[in-house]
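Colleague:
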Amino acid sequence: MADFDVKIETFTNLTLTQAAKARDKILEKCENDKKCALEEYTKECGEKFSKLIKENQNKIKTENHRRVSKEVTECKRAVFSHREMLINRLFDELADKISEYKKTDKYAEYLKKCIDDGAKKAGGKDIILTFDASDKKIGNSLCERYGFSAQFKDNLCGGVIVSASGSNIAYNMSFSAQIENLRETFLENSGFSIDVM
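In this note's numbering, the protein residues as written are 9 to 205.
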């Protein structure tokens, strides 16, 4: 029986050794599979994360560009609005200066010079002088002096328009025409133009 016990013990040891080797192989395979699955999952997560970061970076850039553009637009609007307010204030002050100027003797001299220059250019006998409605007194006086016809219009602000009857050409030396010309060329000639970004 001792022989039998040795055989059983040897068989048991051999079986246990083989079972241990099989177990170790299974554990090693499981460990390798787990390691491969983890690496694959890590790689997949890394790619997803990288893609997500790029998408969000693009969204953030787009949002930042939109916000910056909006801010720049608002800033430009504020600057241009303030500039228009300053220009309007300047031309309002000009209108006040013109009103003061029209009360001086220099204004009458200015009108005489304009009439002389305009009459030479118009070159006709029947000269018509058009004054602002507020200049009736001085306009009538000058027309009597020169022997020309007088007309009066609203909103000329001062100055005179000289024309000859039968001619389509008029020499507009009214303040309203000069102010309109000043307004049209103001930004170009004043150095008041603004470059904003």
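Idealized CB from N, CA, C, for every residue including glycine.
Measure the C-alpha to C-alpha separation of residue 28 and residue 18 and round it to an integer number of angstroms.
Modeller: Residue 28 and residue 18: Cα-Cα distance of roughly 15 Å.
Colleague: For residue 164, does the three-state DSSP call read helix, strand or coil?
Modeller: Residue 164: coil per DSSP, three-state reduction.
Colleague: Would residue 175 and residue 130 be called neighbours here (beta carbons separated by less than 9 Å)?
Modeller: Yes; because the gap between Cβ atoms is below 9 Å, this pair is in contact.
Colleague: Using the Cα positions of residue 26 and residue 33, report the straight-line distance between them to the nearest angstrom.
Modeller: Cα-Cα distance, rounded: 10 Å.
Colleague: Quick one, which of 153, 156 and 110 has its alpha-carbon nearest residue 166's?
Modeller: Of the candidates 153, 156 and 110, the one whose C-alpha sits nearest the C-alpha of residue 166 is 110.
Colleague: Which word fits residue 103, buried or exposed, when buried means at least 16 other C-beta atoms lie within 10 angstroms of its C-beta?
Modeller: Under this definition residue 103 is an exposed residue.
Colleague: Bridge partners for residue 1 per DSSP, in chain order?
Modeller: There is simply no residue 1 to check, as the chain begins at 9 and stops at 205 in what is shown.
Colleague: Can you pull the DSSP bridge partners for residue 159?
Modeller: According to DSSP, which records beta bridges pairwise, residue 159 is partnered with 138.
Colleague: Taking Cβ positions, are residue 177 and residue 156 nearer each other than 9 Å?
Modeller: No; because the gap between Cβ atoms is not below 9 Å, this pair is not in contact.
Colleague: Could you check where the alpha helix (DSSP H) with residue 125 kicks off and where it finishes?
Modeller: 113 to 130 is the span of the alpha helix (DSSP H), which, as asked, contains residue 125.
Colleague: Which residue marks the beginning of the alpha helix (DSSP H) containing residue 145, and which one marks its end?
Modeller: Segment 144 to 154, the alpha helix (DSSP H) holding residue 145.
Colleague: With respect to 8 Å, is the separation between the Cβ of residue 117 and the closest non-hydrogen atom of the ligand FMN below this value?
Modeller: Because no ligand of any kind appears in the structure shown, any question about the ligand FMN cannot be addressed here.
Colleague: Going by the beta-carbon positions, is the gap between residue 141 and residue 119 smaller than 9 Å?
Modeller: No, they are not a contact pair.
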